[in-house]
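Note sheet for the following structure.
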Amino acid sequence: MPINIFSKASRTLDTVTNAKSYGATGSGTTDDSAAIQSAVDYVSSIGGGTVFIPSGIFLVRNCIRLRNKVNLSGLKGSSIIKIDDTFKGNGSPNSISVFPNVLWNEHSQNTFDSATADSFTIKDLTFIHSSSLSSLNSIILLRNTNGVTIDSCEFSMSGKASALAVYAYSCNYYMRICNNKIINMTGADTGGGIWVSNLTNIPDETNMTCDVSIEGNSFTSNSSAESLAIYGRDGIIKNTAVSGNKFLTLKNKSKPQSKVFSIYGRTYYTASTGTGVENIIVANNLFNVEEFGAAVIAVGSSVSLTDKIKNVLIDSNIINFKTEIPDTNATCILGYDTGTAENIKVSNNIISNTGNIPCKYGIYKMWNVERNHVKGAYAKACISDCINAVNNYLYDNMQPNSAAIKNSSYICGNVVQNCLRGILIDYEGTYNILNNIITLSDAASATGIYIVTAPSSSVINGNTIYTVNSVSSAFNFTIGKITMLNNMKFGTGKYIYSNIVLAYASGNRIDDSGFDTFYPGQILDNEIQDALPVGHVCMDTSTVSPAIGRRKILPGNGANKWQVIKM
Numbered sequence: 007m008p009i010n011i012f013s014k015a016s017r018t019l020d021t022v023t024n025a026k027s028y029g030a031t032g033s034g035t036t037d038d039s040a041a042i043q044s045a046v047d048y049v050s051s052i053g054g055g056t057v058f059i060p061s062g063i064f065l066v067r068n069c070i071r072l073r074n075k076v077n078l079s080g081l082k083g084s085s086i087i088k089i090d091d092t093f094k095g096n097g098s099p100n101s102i103s104v105f106p107n108v109l110w111n112e113h114s115q116n117t118f119d120s121a122t123a124d125s126f127t128i129k130d131l132t133f134i135h136s137s138s139l140s141s142l143n144s145i146i147l148l149r150n151t152n153g154v155t156i157d158s159c160e161f162s163m164s165g166k167a168s169a170l171a172v173y174a175y176s177c178n179y180y181m182r183i184c185n186n187k188i189i190n191m192t193g194a195d196t197g198g199g200i201w202v203s204n205l206t207n208i209p210d211e212t213n214m215t216c217d218v219s220i221e222g223n224s225f226t227s228n229s230s231a232e233s234l235a236i237y238g239r240d241g242i243i244k245n246t247a248v249s250g251n252k253f254l255t256l257k258n259k260s261k262p263q264s265k266v267f268s269i270y271g272r273t274y275y276t277a278s279t280g281t282g283v284e285n286i287i288v289a290n291n292l293f294n295v296e297e298f299g300a301a302v303i304a305v306g307s308s309v310s311l312t313d314k315i316k317n318v319l320i321d322s323n324i325i326n327f328k329t330e331i332p333d334t335n336a337t338c339i340l341g342y343d344t345g346t347a348e349n350i351k352v353s354n355n356i357i358s359n360t361g362n363i364p365c366k367y368g369i370y371k372m373w374n375v376e377r378n379h380v381k382g383a384y385a386k387a388c389i390s391d392c393i394n395a396v397n398n399y400l401y402d403n404m405q406p407n408s409a410a411i412k413n414s415s416y417i418c419g420n421v422v423q424n425c426l427r428g429i430l431i432d433y434e435g436t437y438n439i440l441n442n443i444i445t446l447s448d449a450a451s452a453t454g455i456y457i458v459t460a461p462s463s464s465v466i467n468g469n470t471i472y473t474v475n476s477v478s479s480a481f482n483f484t485i486g487k488i489t490m491l492n493n494m495k496f497g498t499g500k501y502i503y504s505n506i507v508l509a510y511a512s513g514n515r516i517d518d519s520g521f522d523t524f525y526p527g528q529i530l531d532n533e534i535q536d537a538l539p540v541g542h543v544c545m546d547t548s549t550v551s552p553a554i555g556r557r558k559i560l561p562g563n564g565a566n567k568w569q570v571i572k573m
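Structure representation (structure tokens):
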């Protein structure tokens, strides 16, 4: 039999029902909760469609339960849902709709609760609440859903309540949150924008939240909670894209936003294992942060060593931030020690500290850090404690005792300009420092590569360092055995500042008008142009003990090329 495309089942999704047809007034004074719920229930009974919220202010005092295939749609900017200050949500004991086996305390109240609804869209609605409302959990709560879209809504949430605009609670599939404007908690100490979690306590593939898109939204906050958070909580979150969003954090020195955007493995129930997040893309977002306490973007968990964070890409974001908090520990992109991490990449981001007070780090404890531009003042380093720091552009960090790059295992191809220190190693480990170009500031204490602890082994190869101040130095090693190959130093500063045992030195080119002493085990095939009348003073420890004294390396010794310039 041919399919009748004009049957009732086919037509229901196109059905539009006006909420006013079921008694909603839009007056702003009459409770319209029951009328809107009746309209939703009717459309659900005929198989789906759209409940249209016309222009007006629709007051709600009770939670509205969303249904399968029932859309809510309004007129952008003029269809307003107002949560009354006497609002009673779906949390015990004042609930009209309690979902079994989900724990909510008496203060947990949600305006719209999806429960197990699938395949619906909420579009072009504005949500506000009374300034005196003090108890609100979230505007929209999504749990056990499939195919939900929240599009082009506005959440204007100034007031006392510490709430979320959208809370994706557990087991949500194919969710899209896009083009929304969230002004969250500008009058409260806490409260966030969008949180995606998975509170199942069953960390397996059948109970995960997956395929989530958060794009084109605008967040404005001066509260302490995250504007956006993605965390496994006690389940699994997989395949989430965060792109094209704008984040504005306003100044709030008394209660600054701790983190603007967080990706956690877990936050609760530490006894469960296997929780975490996987396949997360954070790309092409704009962050303008006027004050923050801990991080603009935080990746990782501080709760459990069993958390899993895998395949996270933070790429092509623009992050402008500043702080007025002295001695802050704030970091732009922050990683944690705990949990199991794999394939975390931070690339192509533009990061700027636009203020005068230094933050602690630009990028800290990440994995692969590539092709980022990091500018401004950082008390410790622009990039620190990462596994790979490759092809980054770092500049204008003049903080005392700081550096462009610090304690990262593989440092290659970076360009450093106008920093007090280029590369600083003060933690024991194995380091490869290769092919970096460092232009130092005009400061007496400026140093290109500074090693102040005993690494198990370090190779410094192919680096080019430009010095400006005659007292500055290209290399400063206070301890350790270093292999130096094919490095070049230009300018008026010293080549090596201190006396150091070099395991091997070969192929280095020194344009040197400062005095430097070093004790290589072997020096072979170096090219040294020396403006000092006495030449370089070196020691070859393979033939002379340091206790005996120093000897001058004569021209031609060990196939080194020397050019002694008379002063």
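In the numbering used here, the protein residues as written are 7 to 573. Note that CB positions come from ideal geometry on N, CA and C, so glycine has one too.
Simplified DSSP assignment, three categories, for residue i
{"i": "SER219", "result": "strand"}
{"i": "ILE389", "result": "strand"}
{"i": "LYS316", "result": "strand"}
{"i": "ASP37", "result": "strand"}
{"i": "ASP91", "result": "strand"}
{"i": "LYS257", "result": "coil"}
{"i": "ILE52", "result": "coil"}
{"i": "GLN263", "result": "coil"}
{"i": "ILE146", "result": "strand"}
{"i": "SER203", "result": "strand"}
{"i": "VAL295", "result": "strand"}
{"i": "SER227", "result": "strand"}
{"i": "SER447", "result": "coil"}
{"i": "LYS371", "result": "coil"}
{"i": "SER125", "result": "coil"}
{"i": "VAL46", "result": "helix"}
Identified DSSP bridge partners for residue i
{"i": "SER479", "result": "THR453 and LYS500"}
{"i": "ARG377", "result": "In DSSP, ARG377 forms no bridge with anything."}
{"i": "CYS575", "result": "It is not possible to answer for residue 575, since the shown part of the chain is limited to 7 through 573."}
{"i": "MET404", "result": "DSSP lists no partner for MET404."}
{"i": "GLY80", "result": "ILE59"}
{"i": "ASP432", "result": "In the DSSP output, where bridge partners are listed per residue, ASP432 has none listed."}
{"i": "SER85", "result": "GLY62"}
{"i": "ALA289", "result": "SER249 and ASP321"}
{"i": "ALA383", "result": "Paired residue(s): none; ALA383 is not in a bridge."}
{"i": "MET181", "result": "VAL154 and VAL218"}
{"i": "TYR270", "result": "TYR237"}
{"i": "PHE161", "result": "PHE133 and ILE188"}
{"i": "VAL396", "result": "GLU376 and CYS418"}
{"i": "CYS425", "result": "LEU446"}
{"i": "VAL302", "result": "In DSSP, VAL302 forms no bridge with anything."}
{"i": "LEU440", "result": "CYS418 and ASN467"}
Supposed close pair residue i, residue j - CB separation, criterion 8 Å
{"i": "ASN413", "j": "ILE431", "result": "6 Å"}
{"i": "PHE126", "j": "LEU72", "result": "6 Å"}
{"i": "ASN355", "j": "ALA383", "result": "Actually they are not in contact, since the Cβ atoms of ASN355 and ALA383 sit about 18 Å apart, beyond 8 Å."}
{"i": "ILE287", "j": "PRO332", "result": "No, ILE287 and PRO332 are not in contact; Cβ-Cβ is about 36 Å, not under 8 Å."}
{"i": "ILE357", "j": "GLY368", "result": "5 Å"}
{"i": "GLY428", "j": "ALA409", "result": "7 Å"}
{"i": "ARG67", "j": "SER39", "result": "6 Å"}
{"i": "TYR396", "j": "MET372", "result": "The amino acid at residue 396 is misidentified as Tyr; the sequence shows Val. Not confirmed; about 12 Å, so no contact."}
{"i": "LEU234", "j": "GLY199", "result": "6 Å"}
{"i": "ASN326", "j": "PHE293", "result": "7 Å"}
{"i": "TYR180", "j": "ASN152", "result": "6 Å"}
Through-space distance from residue j to residue i, alpha-carbon basis
{"i": "ILE89", "j": "SER144", "result": "11 Å"}
{"i": "ASN77", "j": "ILE128", "result": "6 Å"}
{"i": "SER264", "j": "PHE93", "result": "29 Å"}
{"i": "VAL302", "j": "ASN349", "result": "20 Å"}
{"i": "GLN423", "j": "VAL474", "result": "12 Å"}
{"i": "LYS495", "j": "LEU170", "result": "55 Å"}
{"i": "MET214", "j": "GLY282", "result": "10 Å"}
{"i": "ALA174", "j": "LEU131", "result": "18 Å"}
{"i": "ILE457", "j": "TYR437", "result": "10 Å"}
{"i": "GLU232", "j": "ILE42", "result": "31 Å"}
{"i": "THR329", "j": "THR31", "result": "47 Å"}
{"i": "LEU254", "j": "ASP91", "result": "27 Å"}
{"i": "THR445", "j": "CYS159", "result": "49 Å"}
{"i": "HIS379", "j": "GLY454", "result": "19 Å"}
{"i": "ILE466", "j": "VAL375", "result": "19 Å"}
{"i": "ASN317", "j": "THR337", "result": "22 Å"}
{"i": "THR36", "j": "THR21", "result": "26 Å"}
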